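Quick notes on the structure that follows.
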Amino acid sequence: IAGLHDEFFSVEREPNERNIVRFLIGDSNNPGSIISSLVMARENCRTVREVVPRSAWERINELYLFARENTQSGLTKSGRDAYLEGIVAGSQGITGLLGSVMYRDAAWHFARLGRNLERADMTTRIIDVRSTDLFADDGLESRSLDTLQWISVLRSLSGYQAYRRHMAIRVNRRDVLEFLFHDSTFPRSVLHCVNAVDESLGELEDTGLPLRRAHAMQRRLRRTKVEELDQASLHAFIDELQVDTMKVHAAIADVYFPPPLKLEASA
7 IAGLHDEFFS VEREPNERNI VRFLIGDSNN PGSIISSLVM ARENCRTVRE
57 VVPRSAWERI NELYLFAREN TQSGLTKSGR DAYLEGIVAG SQGITGLLGS
107 VMYRDAAWHF ARLGRNLERA DMTTRIIDVR STDLFADDGL ESRSLDTLQW
157 ISVLRSLSGY QAYRRHMAIR VNRRDVLEFL FHDSTFPRSV LHCVNAVDES
207 LGELEDTGLP LRRAHAMQRR LRRTKVEELD QASLHAFIDE LQVDTMKVHA
257 AIADVYFPPP LKLEASA
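Taking our numbering, the leading residue of the sequence shown gets 7, the next gets one more, and so forth.
Right, here's the structure in full:
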């Protein structure tokens, strides 16, 4: 799901539960681990403290300290749920704080861009990896297991309740795919995330290339009837969406965050 297969095997040999959990939670060799991500978030926030609410800096610092001090508890089966719930609650608290008090200038829109690009990417990854284990047989037992698996996919994206309210009582592949890819009002659907990226880019200057990339992703989403795709076609479509996401990200980085020019050494 995280796309870290090669990174894991560059530092670990045995892919057992403890090694994988440690790698995802606290390994400094993994730039995508919880601890590494919070270190980078804390450093980024420190360098732009003049535009980030003080309360947000304090929350990020508190979350970093909580994550670091309780890492060993998070590695145990008995302490893992409480640790991860603390991380999720802290992250959502920071997002809510930024949304309620941060000035709606370019800095806020860049934070919104990053959040929604990440959400779109992770939604597609979760669907891709978790749907590969679903059952294709038409027997009653297979259909029951299939339903449970799709409920699990929805729960992975905190979307089960929203799906039941706005889509259907029964959970099935067709409706779940339509909901997670095309529902413009569910915050973790791919289309909602891309629409949010489009809106924030519209508030910035010099958005030509990033905006074109975002519009191309929107068009691909809207013209594809995901509910009609078989598993192989769905996987190929998700690969295309992930490439689209990377192109939007790269365009934003190229336009707004170019690397500093290297000054040539004087003779």
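Where is the CB? At the ideal position from N, CA and C, for every residue including glycine. The model shown is predicted, which means the values in this text are computed figures rather than measured ones.
| Check | Outcome |
| --- | --- |
| Straight-line Cα distance separating Gly120 from Gly9 | 18 Å |
| Nearest to Val135 (by Cα), restricted to the options Glu75, Ala238, Glu124 | Ala238 |
| Nearest residue (CA-CA) to Ala257, options Arg180, His221, Asp181, Ser137 | His221 |
| Separation of Pro21 from Glu211, as counted between CA atoms | 46 Å |
| Beta-carbon separation (whole angstroms), Leu240 vs Val232, contact threshold 8 Å | 7 Å |
| Touch test, the region 195-208 against the region 123-131, Cβ-Cβ under 8 Å, three pairs minimum | yes |
| Other residues of its chain near Trp114: CB distance less than 6 Å, five sequence neighbours each side excluded | Met108 |
| Any 3 or more C-beta pairs closer than 8 Å across the region 71-81 and the region 90-104 | yes |
| Cβ contact check for the region 176-184 and the region 152-162: 3 or more pairs under 8 Å | yes |
| Cβ separation of Arg48 and Ile26, assumed to be a contact under 8 Å, to the nearest whole Å | Between Ile26 and Arg48 the Cβ distance is about 25 Å, and since that is not below 8 Å, they are no contact. |
| N- and C-terminal bounds of the alpha helix (DSSP H) containing Ile132 | 112-137 |
| Environment of Glu147 [buried if 16+ CB atoms lie within 10 Å] | Annotation note: pLDDT 49 at Glu147 (below 50); position unreliable, coordinate value reported separately. Flag for Glu147 reads exposed. |
| Euclidean distance between Cα positions of Val58 and Leu44 | 16 Å |
| 4 or more residues per run - each alpha helix (DSSP H) lying fully within the region 55-104 | 60-75, 77-80 |
| Whether Leu103 touches Ile31 by CB criterion (8 Å) | no |
| Beta-carbon proximity of Phe187 to Leu227, cut-off 8 Å | yes |
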